[in-house]
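Q: I'd like to ask some things about the structure below.
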Amino acid sequence: MRRTSIVLLILALFVLSGQALAQARRGQVELFAGGAIPLAPDGFKDYFKVGYSLHGQYVMFPSERLGVSFGAAYELFSFNGDKFIEDLGLGDYTDYIDVTGNADIVELAVGLRPYLTPPTANTQFFLLGQGTYNMLGTEMTAEINIPGYYSEKVTEKGDENKFGFAVGAGFEMPFSSTMNLIIQGLYRHIFTEDEATTFVGITAGIVF
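What follows is the structure in structure tokens.
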């Protein structure tokens with residue numbers, strides 16, 4: 022908890038200092054939403070469904086074609102209990118077992134966004150690299166219910182905090198007189214135990 026508080030404080034200081042510094046172009050606030058596709062490890066890829074992804078960030082510009090981003094994200098993945106039970110191969114006992122669960126990730130990130138096009142371009146293309154601090158949580162529930170013979174329900178929870186990185190690309194284009202539309206794809210890599218946790222997020226949002 023103390024480590025998380027320190028990271029949050031550092032993030033807030035970066036944002037405040039960024040707003041105070043002279044910028045080559047006006048800073049912008051961005052809000053994203055979209056999906057996240059599990060890639061690794063196998064248990065994550067095989068048994069968790071495509072998740073939901075929410076992002077918010079502030080971008081400051083020390084130069085016209087370089088942005089520095091400070092942001093937070095949240096991803097939620099649901100467990101595919103039916104596929105898990107089917108793969109167990111329990112035959113007639115399958116109907117008496119139910120497994121549910123979810124995994125979520127809260128991310129704090131600082132990144133660089135070099136633009137491939139000038140700020141005067143109608144559509145601006147950019148690359149993105151981030152260092153991330155990730156708070157991962159899981160909750161799984163297994164229930165066995167054989168009427169008249171046996172019944173049991175077990176719930177397990179877990180959490181861990183791990184560093185990681187993200188790389189991707191996207192583009193930004195006018196949406197209205199006061200807002201732009203932004204679309205990006207982002208590969209996320211988190212240094213979890215034994216094998217890294219990875220997924221790809223595809224999000225769209227607005228800039229103002």
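Mapping to our numbering: the sequence shown position 198 is 219, numbers consecutive.
The beta carbon of each residue, even a glycine, is placed where N, CA and C say it ideally should be.
If you pair each beta-carbon of the region 201-209 with each one of the region 161-170, do three or more pairs fall below 8 Å?
A: Judged by Cβ distances under 8 Å, the region 201-209 makes no contact with the region 161-170, as fewer than three pairs qualify.
Q: Going by the DSSP bridge assignment, what does I204 pair with across the sheet?
A: Start at 1 with the first residue of the sequence shown, and residue 204 comes out as number 183. The partner list for I204 (beta bridge, DSSP) reads F192, A225.
Q: If you count every other CB in all the chains shown that lies within 10 Å of the CB of P195, and 16 or more means buried, which is it?
A: Translated into the one-based positions of the sequence shown, residue 195 becomes position 174. The residue in question, P195, is exposed, as its Cβ has fewer than 16 Cβ neighbours within 10 Å.
Q: Are the beta-carbon atoms belonging to L133 and A190 less than 8 Å from one another?
A: Here residue 133 corresponds to residue number 112 of the sequence shown, with the count starting at 1. Here residue 190 corresponds to residue number 169 of the sequence shown, with the count starting at 1. Cβ atoms of L133 and A190: not closer than 8 Å.
Q: Between the alpha carbons of G64 and G92, how many angstroms are there, rounded?
A: Here residue 64 refers to the residue found at position 43 of the sequence shown. Here residue 92 refers to the residue found at position 71 of the sequence shown. Cα-Cα distance, rounded: 28 Å.
Q: Identify the continuous alpha helix (DSSP H) that holds F212 and give its terminal residues.
A: For the purposes of this step, residue 212 is taken as residue 191 along the sequence shown, with counting starting at 1. No alpha helix (DSSP H) contains F212, which DSSP labels as neither H nor E.
Q: For R46, collect the residues of the same chain with a Cβ closer than 6 Å to its Cβ; drop the 5 residues on either side in sequence, then sort them by chain order.
A: Here residue 46 refers to the residue found at position 25 of the sequence shown. F82, E85, P140, listed in sequence order.
Q: Between the Cα of V232 and the Cα atoms of Y136, V228, F184, which residue gives the shortest distance?
A: Outside the displayed span of the chain (22 to 229) sits residue 232, for which this structure offers no information.
Q: Quick check on the burial criterion: 16 or more other C-beta atoms within 10 angstroms. Buried or exposed for E193?
A: For the purposes of this step, residue 193 is identified with residue 172 of the sequence shown, where counting begins at 1. E193 comes out buried.
Q: Just the Cα atoms here: how many angstroms apart are Y68 and D125?
A: The residue given as residue 68 occupies position 47 in the sequence shown. The residue given as residue 125 occupies position 104 in the sequence shown. Rounded to whole angstroms, Y68 to D125 spans 14 Å at the Cα level.
Q: Alpha carbon to alpha carbon, what distance is there between S197 and E231?
A: Nothing in the structure corresponds to residue 231, since the chain is present only between 22 and 229.
Q: Near L87, what residues of its chain come up, given a Cβ to Cβ distance below 6 Å and the 5 sequence neighbours on each side ignored?
A: Indexing the sequence shown from 1 puts residue 87 at position 66. Same-chain partners within the cutoff: P135.
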